[in-house]
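2 protein chains.
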Amino acid sequence: MATGRTHRPATRSRGIPEATVARLPLYLRALTALSERSVPTVSSEELAAAAGVNSAKLRKDFSYLGSYGTRGVGYDVEYLVYQISRELGLTQDWPVVIVGIGNLGAALANYGGFASRGFRVAALIDADPAMAGKPVAGIPVQHTDQLETIIHDSGVSIGVIATPAGAAQQVCDRLVAAGVTSILNFAPTVLSVPDGVDVRKVDLSIELQILAFHEQRKNGEERDERADRDERPPRDTGQAVAATVAPAAEAAGPGANAAQGPVAGAVPGASPKGPDGDVPAVMPA
Amino acid sequence: MATGRTHRPATRSRGIPEATVARLPLYLRALTALSERSVPTVSSEELAAAAGVNSAKLRKDFSYLGSYGTRGVGYDVEYLVYQISRELGLTQDWPVVIVGIGNLGAALANYGGFASRGFRVAALIDADPAMAGKPVAGIPVQHTDQLETIIHDSGVSIGVIATPAGAAQQVCDRLVAAGVTSILNFAPTVLSVPDGVDVRKVDLSIELQILAFHEQRKNGEERDERADRDERPPRDTGQAVAATVAPAAEAAGPGANAAQGPVAGAVPGASPKGPDGDVPAVMPA
DNA sequence: CAATCTTTGTGCACGCGTTCACAAAGACAT
DNA sequence: ATGTCTTTGTGAACGCGTGCACAAAGATTG
Numbered sequence: 004m005a006t007g008r009t010h011r012p013a014t015r016s017r018g019i020p021e022a023t024v025a026r027l028p029l030y031l032r033a034l035t036a037l038s039e040r041s042v043p044t045v046s047s048e049e050l051a052a053a054a055g056v057n058s059a060k061l062r063k064d065f066s067y068l069g070s071y072g073t074r075g076v077g078y079d080v081e082y083l084v085y086q087i088s089r090e091l092g093l094t095q096d097w098p099v100v101i102v103g104i105g106n107l108g109a110a111l112a113n114y115g116g117f118a119s120r121g122f123r124v125a126a127l128i129d130a131d132p133a134m135a136g137k138p139v140a141g142i143p144v145q146h147t148d149q150l151e152t153i154i155h156d157s158g159v160s161i162g163v164i165a166t167p168a169g170a171a172q173q174v175c176d177r178l179v180a181a182g183v184t185s186i187l188n189f190a191p192t193v194l195s196v197p198d199g200v201d202v203r204k205v206d207l208s209i210e211l212q213i214l215a216f217h218e219q220r221k222n223g224e225e226r227d228e229r230a231d232r233d234e235r236p237p238r239d240t241g242q243a244v245a246a247t248v249a250p251a252a253e254a255a256g257p258g259a260n261a262a263q264g265p266v267a268g269a270v271p272g273a274s275p276k277g278p279d280g281d282v283p284a285v286m287p288a
Numbered sequence: 004m005a006t007g008r009t010h011r012p013a014t015r016s017r018g019i020p021e022a023t024v025a026r027l028p029l030y031l032r033a034l035t036a037l038s039e040r041s042v043p044t045v046s047s048e049e050l051a052a053a054a055g056v057n058s059a060k061l062r063k064d065f066s067y068l069g070s071y072g073t074r075g076v077g078y079d080v081e082y083l084v085y086q087i088s089r090e091l092g093l094t095q096d097w098p099v100v101i102v103g104i105g106n107l108g109a110a111l112a113n114y115g116g117f118a119s120r121g122f123r124v125a126a127l128i129d130a131d132p133a134m135a136g137k138p139v140a141g142i143p144v145q146h147t148d149q150l151e152t153i154i155h156d157s158g159v160s161i162g163v164i165a166t167p168a169g170a171a172q173q174v175c176d177r178l179v180a181a182g183v184t185s186i187l188n189f190a191p192t193v194l195s196v197p198d199g200v201d202v203r204k205v206d207l208s209i210e211l212q213i214l215a216f217h218e219q220r221k222n223g224e225e226r227d228e229r230a231d232r233d234e235r236p237p238r239d240t241g242q243a244v245a246a247t248v249a250p251a252a253e254a255a256g257p258g259a260n261a262a263q264g265p266v267a268g269a270v271p272g273a274s275p276k277g278p279d280g281d282v283p284a285v286m287p288a
């Protein structure tokens, strides 16, 4: 799956392994489907198949939540839906703001999967003044100037960043400063955040690259893997190669100017950031 | 990671660990940024910071590719860009089709991160006849009827599914039958595919749910964690609870009837499919 | 050429996650 | 009640991934 994991050292918040937490939404979806079909109970085998995992893994996952099954019968669907929802915190309302209303931001705003799980789009924010007031998914877009006010007034603690890479860190800093403690980042940049803030990343091109790797392995044993295997290249091949790989500039932005702290260095501090400007299409990575 | 990992048993294609493969795109992005700033070399420490990982991990990752560094100096940026690109298979052109041109599909079509890494959008496909011919991102949308022809003529091996959940499995089957061997799935459904086909999943709401879990843990020790901890619920709480958790139907759809191998066999029964509710406005595939 | 300094590459240990396999628990039939 | 059958819950083994720590390698300086 989309990759998206952060570099946080797998906190294992309260006994439940991180890997298990990541699968709970999967189980919940399958269970919800069963619930709608009025299926009263499921065995671990059936549910595991529906969720696409191993049944032993599923049982172990559930064992971290408690003993919510009946031996010889299986799990009560409705009860399990409730327990998992509660464990994930979906029994409460989560106001969310989406920053960067390009194609992707608009798609997210329209995405039905949010509302159906307790996530409510509290506001849409964009830096383009021309967007201000325009309704997207029935919600008027507000200007970035309002960001702090919106966060504060709506009590938002989860922010979604769908801006171009160049603007992401800046937006992130403002969100965090305003009180947001969880961020879902769609911009192709590594965000630095202070401790206590969770970041999850979704990078569409990364997923494709991973697929390409496996794809290459499938058809690709007969390819040109011979000559260029271990040759020391001319030190000045630079431009040519770069042009081949990435003809269009990527401009991940100077934000990634490594060299900050010794290792991690999550510096919420200033970020000159330079030009980001463009918000034309979607994340011109 | 957004997650998005499939249930394939981590094939470790050719010695390179799956976890390492998943990080290579990360390194590549950071390196590309350095390349554009004309930085000749980087140390593992610097690059690791830019990519948001541990430096020891980075060095070990690179060691799987070969000895591409110079002790006392670091790594040649351009050379490393080339090596990683080649390893990922990005030195060749990958035609891609996107099926389901709703908000999300359109966002993907416009996404710049594809073209800049060797991925070329060969075609856009949608089931809505009204969409046919309409240009999105400069590419005319074609009707689903053309799917097989397009795949065949363009030699596409990677497909992106951005349809509603209810249509995903059907589209998937047709893609696979037409020769696609790698699928990036944005629909909230578990796809069943034959061996040899790779599936990676990106589920936006899953990422948010994971964030919600951690968010709950942060502010939430003083919450209502007492009373409803281990109570055996009335067996008929069903509807009420379901309504609370998921007011809008989601209907991940029975499409997930894995039922291929022996272990799978989940509810092979008929699938009236019913209302797929979720993702109404978006993705009218 | 020798000494020193920097940084890579990796052996090793540890912890997490996955999977197997089975005893315990309950349902159900007789 | 007793026995059988199904399915859970989990102890234990295994394998992968991560991070430490250091020797080896090369640059650099005197």
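Protein sequences appear in the order of chains A and B. Numbering-wise, the first sequence is residues 4 to 288 according to the working numbering. Numbering-wise, the second sequence is residues 4 to 288 according to the working numbering. Where is the CB? At the ideal position from N, CA and C, for every residue including glycine.
query = Where does V179/B sit, in a helix, a strand or coil, going by DSSP?
reply = helix
ask   = Just curious, the alpha helix (DSSP H) that A113/A is in, first and last residue?
value = A small correction: the amino acid at residue 113/A is Asn; Ala does not occupy that position in the sequence shown. Looking at the DSSP string, the run of the alpha helix (DSSP H) that includes N113/A is 106-113.
One or two residues paired with A126/A in a DSSP bridge = V100/A
Those residues which DSSP pairs with T73/A across a bridge = G77/A
inquiry  = Suppose you measure from the CA of V266/B to the CA of A109/A; what does that come to, to the nearest Å?
reply    = Because the pLDDT of V266/B is 29, which lies under 50, any placement of that residue in the model is unreliable, and the question is left without a value.
request  = Please report the residue range of the alpha helix (DSSP H) in which I154/B lies.
outcome  = 150-157
ask   = What is the residue span of the alpha helix (DSSP H) that S38/A lies within?
value = 21-39
ask   = Do you know whose CA, among D96/A, N106/A, A133/A, lies nearest F122/A's CA?
value = D96/A
inquiry  = Just to make sure I have the definition right: I need the residues of chain A whose C-beta is within less than 7 Å of the C-beta of Q212/B. Which are they?
reply    = P28, L91, L93, R120
query = Going by other Cβ atoms of all chains shown within 10 Å of its Cβ, with 16 needed for buried, is H155/A buried or exposed?
reply = exposed
query = Considering only C-alpha positions, which residue in the set N188/A, H217/A, R120/A is nearest to G169/A?
reply = N188/A
task = Using a Cβ-Cβ cut-off of 7 Å, state whether R229/A counts as contacting chain B.
result = For R229/A, the pLDDT reaches just 37, beneath the cut-off of 50, and the residue's location in the model is therefore unreliable, although a value from the coordinates is still provided. By this cut-off, R229/A is not an interface position.
message = As a quick exercise: from Q145/A, T147/A, L194/A, V200/A, pick the residue whose alpha carbon is nearest that of I161/A.
response = V200/A
request  = Tell me where the beta strand (DSSP E) around Q219/B begins and ends.
outcome  = Note, Q219/B: premise wrong, no beta strand (DSSP E); alpha helix (DSSP H) at 207-222.
query = When the Cα atoms are used, what is the spatial distance from V84/A to I142/B?
reply = 43 Å
ask   = Within 7 Å (strictly less), CB to CB, does A109/B reach chain A?
value = yes
ask   = So with Cβ pairs under 7 Å, would you call R203/B a contact of chain A?
value = yes
key: CB contact check: L83/B to chain A, cutoff 7 Å   = no
request  = Assign G18/A to one of two classes, buried (16 or more other C-beta atoms within 10 Å of its C-beta) or exposed (fewer than that).
outcome  = exposed
inquiry  = Output needed for L68/B: all residues of its chain with C-beta closer than 8 Å, excluding positions within five of it in sequence on either side, in chain order.
reply    = I19, Q86, I87, E90
task = Below 7 Å between beta carbons is the criterion; list the residues of the stretch 174-192 of chain B that meet it against any residue of chain A, in chain order.
result = T184, S185, L187, P191
query = Considering only C-alpha positions, which residue in the set R120/B, G136/B, S119/B, P132/B is nearest to A126/B?
reply = G136/B
task = Out of A165/A, R177/A, P167/A, state which residue places its alpha-carbon closest to the alpha-carbon of D148/A.
result = R177/A
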